[in-house]
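K.L.:
Supplied in structure tokens, the structure appears directly below.
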Amino acid sequence: MRQLSKYAFANAKVRALLSFLLKQDEFSRLLDVKDLHELLEALKNTSYKDIISALNIENPDLALLEKELSKNNLNIYRKVYDSLPGKNERSFVRLLMQRYELEELKLALRFWHKKEVSGIDNYLLGEKISFDIDFNKIISAHTIEDIISLLGDTPYKKPILKARDKFKNSGSLFFIETSLSLDYYERLLAMSRGLSLVDRKVAQKILGIEIDSENISWLIKGIKYYSLDKAQILDWIIPGGERIAKKRIEGFHTINDLSKITESLAIGPYTRIKDLAESSIHLIESFLYEILLREVKKALGSFPFTIGTIFGYLILKQREIKNIISLIYVKRYNLKKEELKIC
Numbered sequence: 166m167r168q169l170s171k172y173a174f175a176n177a178k179v180r181a182l183l184s185f186l187l188k189q190d191e192f193s194r195l196l197d198v199k200d201l202h203e204l205l206e207a208l209k210n211t212s213y214k215d216i217i218s219a220l221n222i223e224n225p226d227l228a229l230l231e232k233e234l235s236k237n238n239l240n241i242y243r244k245v246y247d248s249l250p251g252k253n254e255r256s257f258v259r260l261l262m263q264r265y266e267l268e269e270l271k272l273a274l275r276f277w278h279k280k281e282v283s284g285i286d287n288y289l290l291g292e293k294i295s296f297d298i299d300f301n302k303i304i305s306a307h308t309i310e311d312i313i314s315l316l317g318d319t320p321y322k323k324p325i326l327k328a329r330d331k332f333k334n335s336g337s338l339f340f341i342e343t344s345l346s347l348d349y350y351e352r353l354l355a356m357s358r359g360l361s362l363v364d365r366k367v368a369q370k371i372l373g374i375e376i377d378s379e380n381i382s383w384l385i386k387g388i389k390y391y392s393l394d395k396a397q398i399l400d401w402i403i404p405g406g407e408r409i410a411k412k413r414i415e416g417f418h419t420i421n422d423l424s425k426i427t428e429s430l431a432i433g434p435y436t437r438i439k440d441l442a443e444s445s446i447h448l449i450e451s452f453l454y455e456i457l458l459r460e461v462k463k464a465l466g467s468f469p470f471t472i473g474t475i476f477g478y479l480i481l482k483q484r485e486i487k488n489i490i491s492l493i494y495v496k497r498y499n500l501k502k503e504e505l506k507i508c
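If you're matching positions, the sequence shown starts at 166 in our numbering and goes up one per residue.
Below, the structure written as structure tokens:
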């Protein structure tokens, strides 16, 4: 009863928000429209009507539309945050919101690495999420040390510093981006320990599956594209996975044979991963996302209401936004439905 009363307002808010998510048949109808114009008209009959109505339908600015859809999702995080009763629950959701800032930082690093000194504003939300970060200064920085200095008052400085030498030796941002993700999940896990026992169990279950997905994806990329050895791989494994722990990877006899690695990872819900070893990384990530969604749906159907319901809703909402953005570009460029990258 205490858990129920604690989340009474948040429960009502999230249940209301859940009702606005697109149903499977609604998304199928959007998928079947003939072109971008028809898609935008159809979206006017959804919860995105205000965003679409503000567009010039005849000549839509798709970069602006993508930005507005992402801002819409960020505002959802803020609504959920405002509905929560306690400091620890709010801090956890605030850290979940930081995913947007982390992705913007990764984007700025890619612009910097490619020496593209303009155009980033088209892709940034243009508002503070957690920290004051001047992304234009980052893309104009001369060295990675300059970037580290610019991030001095943020949690992003430490993971970039950790990966700096790997970056310099390889010339690839892969290690920096992986280090940022590792640090982020470590902070999320630490934050989850401040939740109530019921909330902590559910949050760590969902986080554990997300971490498994990150680790599997990182393992496959590391072996397939970067020919990393076991010691290098182990340096960047995120702790706290549901099934894929560092100890398990330490026990692998070989780290060079991708088919043997995926066979070793094929446990529990990940059994099918061994059949996807040679598939595109997108197909593998879609499979891993399906497993996460199954756990999210369990959390949404659980009683009493927990932080897992909130976490689950936020994952579903973010998925919906990503799928709509993918669909917009499929219709814009007249691609086949089979080329749609949905998750």
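Don't be surprised by glycine CBs; every beta carbon is placed ideally from N, CA and C. These numbers come from a predicted model, not from an experiment.
1. Give me, in chain order, the residues of the same chain whose beta-carbon lies closer than 6 Å to that of Ile-241; leave out the 5 immediate sequence neighbours on both sides.
2. Is the beta carbon of Ala-306 closer than 7 Å to that of Ile-313?
3. Rank Ile-385, Leu-362 and Asn-301 by C-alpha distance to the C-alpha of Glu-439 and give the top, closest one.
4. So, for Pro-511: in the same chain, excluding its five sequence neighbours on each side, which residues have a beta-carbon less than 6 Å away from its beta-carbon?
5. Using a Cβ distance threshold of 8 Å, determine whether the stretch 451-463 contacts the stretch 344-353, with at least three qualifying pairs required.
6. Assign Ile-376 to one of three DSSP states: helix, strand, or coil.
7. Mind checking which residues open and close the alpha helix (DSSP H) that includes Ala-410?
8. Going along the chain, which unbroken runs of the alpha helix (DSSP H) with 4 or more residues stay wholly within the stretch 332-372?
9. Can you tell me which of Phe-185, Leu-208 and Leu-186 puts its alpha carbon nearest to the alpha carbon of Leu-196?
10. Go ahead and pull the three-state DSSP assignment for Ala-464.
11. With a Cβ-Cβ cutoff of 7 Å, do Ile-374 and Leu-457 count as a contact?
12. Measure the Cβ-Cβ separation of Arg-329 and Asp-377 and say whether it is below 7 Å.
13. Distance check for Leu-261 and Asp-299, CA to CA, integer angstroms please.
14. Can you find at least 3 beta carbon pairs, one from the stretch 286-299 and one from the stretch 227-237, that sit closer than 8 Å?
15. Whole-angstrom Cβ separation of Gly-405 and Leu-372, contact assumed at under 8 Å?
16. So, at 7 Å on beta carbons, what are the nonlocal neighbours of Arg-365 in its own chain, with the 5 sequence-adjacent residues on each side left out?
17. Using three-state DSSP, classify Ala-442 as helix, strand or coil.
18. When you compare only the Cα positions, how much space is there between Asn-153 and Leu-220?
P.N.:
Based on what the coordinates show:
1. Lys-482
2. no
3. Position check: residue 439 holds Lys in this sequence, whereas Glu was assumed. The candidate whose alpha carbon is nearest that of Lys-439 is Ile-385.
4. The question about residue 511 has no answer, for the chain in this structure spans 166 to 508.
5. no
6. helix
7. No alpha helix (DSSP H) holds Ala-410; DSSP gives it neither H nor E.
8. 339-357
9. Leu-208
10. helix
11. yes
12. no
13. 21 Å
14. yes
15. 6 Å
16. Ser-357 and Arg-358
17. coil
18. Only positions 166 to 508 of the chain appear in the structure, and residue 153 is not among them; the question remains open.
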